[in-house]
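What follows is a short report on a single structure.
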Amino acid sequence: MLAPSNLSSGCDQAFDQRNLDWYIDKAVQVVVFMGGISAIIFIVGIFLFITKEGMGFLIDTLDLQEFFGSPYWEPSDEDAPEYGILALMAGTASVTGLAMLIAIPFSLGTAIYIAEFATGKTREWLKILVELLAAIPSVVWGFIGLTIMNPLIIELFDVPVGLTVLNAGIILGLMAAPIMTSIAEDALKAVPDRYREAAEAMGATRWQVVFKTVLPAAKNGLLGAILLGVGRGFGETMAVLMATGHAVNIPGSVFDSVRALTATIAAELGETAVGSDHYQVLFTIGIFLFLITFLINLTADLIVRGIRKS
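Just so you know, we're using the working numbering here: the sequence shown kicks off at 46 and counts up by one.
Have a look at this one:
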């Protein structure tokens, strides 16, 4: 039988341990909460910063008709600067659109194969390879477009320059495909197995199960994956800067060189005087890009949340 002093000491130790566990639990909760809220704080801080830097141009100089309707981008002209981003928007849209035409079939086909047909080690290796593709830095993709795709396009299509919409679209499509594949595969795996079993019980083949049952059931998640891919392509900078030719031009074909909005900011911001109209208009473009990418990602998130609740 324990002596009263030993019993009291054991109770005190147990009490101290419970207190320590309680403090550790609270500390972990605070750390996790701060980690979660920090993303929101950073996003709000970034938006406030770019808004502050571009506010002078927005209030005093911005002409909406010229800004969105003029194809002439000459902000450094001392006599008559022009701030039209129509050609820049056309370049961004053409590259992103071509990238999605390439990435959507590639990524959805890969996701369908991984989720519905691949088994065992084949599935695991394919998922690893997809993740490795997503980890390749954008500057490496841009270097591939500059040194490999450029001479290849010149030789295959007999054009004077290979830094074109086609080059950037292919590179950007390959960059966006991994994230689209991962999200699309998750959406396909989220379809309940009873859907597949019911279709097979009615005599459907494997392909009929996929196209008539699984894809319609996962359509919201697949649409969310596509929209996230669009946001990924719309906001890409370095690869687009290196692969498009960086020419202010409204493209008439995939063999034209163009300039993207993001690439314009990256190329010109370091050469402008802080506080000048040129400096502020670049931040105004940044505000425009921020709002567009935010809306794209918000739409994708709402769609994915909708499929999870249904």
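C-beta: ideal position from N, C-alpha, C; glycine also.
**OP:** For Asp203, count neighbouring C-beta atoms within 10 Å of its own C-beta (all shown protein chains included) and say buried if the count is 16 or more, exposed if not.
**Re:** Around the beta carbon of Asp203, fewer than 16 other beta carbons lie within 10 angstroms, which makes this residue exposed.
Original post:
How big is the Cα-Cα spacing for Ile157 and Pro150?
Top reply: Going by the C-alpha atoms only, they are around 10 Å apart.
**OP:** Sort Met79, Leu343, Gly136 by Cα distance to Thr282 and report the nearest one.
**Re:** With distances taken between Cα atoms, Thr282 lies closest to Gly136.
Subject >> Boundaries of the alpha helix (DSSP H) in which Ile157 is found, first to last residue >> reply: Taken as a continuous stretch (DSSP letters only), the alpha helix (DSSP H) holding Ile157 covers 131-157.
Subject >> Proximity to Leu273 [Cα-Cα], best of Ile82, Pro223, Arg241 >> reply: Of the candidates Ile82, Pro223, Arg241, Pro223 places its Cα closest to the Cα of Leu273.
Original post:
Assuming Thr106 contacts Asp238 under a Cβ cut-off of 8 Å, what Cβ separation, rounded to an integer in Å, is found between them?
Top reply: Your pair Thr106 and Asp238 does not check out as a contact, with CB atoms roughly 60 Å apart and the cut at 8 Å.
Original post:
Are Val206 and Ile199 touching if we call contact CB-CB under 8 Å?
Top reply: Result yes, Cβ atoms of Val206 and Ile199 sit closer than 8 Å.
Original post:
So is the beta-carbon of Thr155 under 7 Å away from any non-hydrogen atom of the ligand NAP?
Top reply: Within the structure as shown, the ligand NAP is missing, as the structure has no ligands at all.
**OP:** Would you mind listing the alpha helix (DSSP H) stretches within the stretch 313-353 that are 4+ residues and don't spill past its ends, in chain order?
**Re:** Correct list: empty.
Original post:
Any contact of the stretch 309-328 with the stretch 242-262, i.e. 3+ C-beta pairs under 8 Å?
Top reply: Touching, no.
Original post:
With C-beta atoms as the reference, is Ala311 less than 8 Å away from Leu286?
Top reply: Pairing Ala311 with Leu286 gives a Cβ-Cβ distance under 8 Å.
Original post:
Distance, Cα to Cα, Asn265 vs Ala72?
Top reply: Computed Cα separation, rounded: 38 Å.
Original post:
Hey, would you say Leu131 sits closer than 8 Å to Phe102, going by beta carbons?
Top reply: Remark: C-beta atoms of Leu131 and Phe102 do not approach each other more closely than 8 Å.
Subject >> Own chain, CB closer than 6 Å to Thr344, minus 5 neighbours either side, in chain order >> reply: Leu272.
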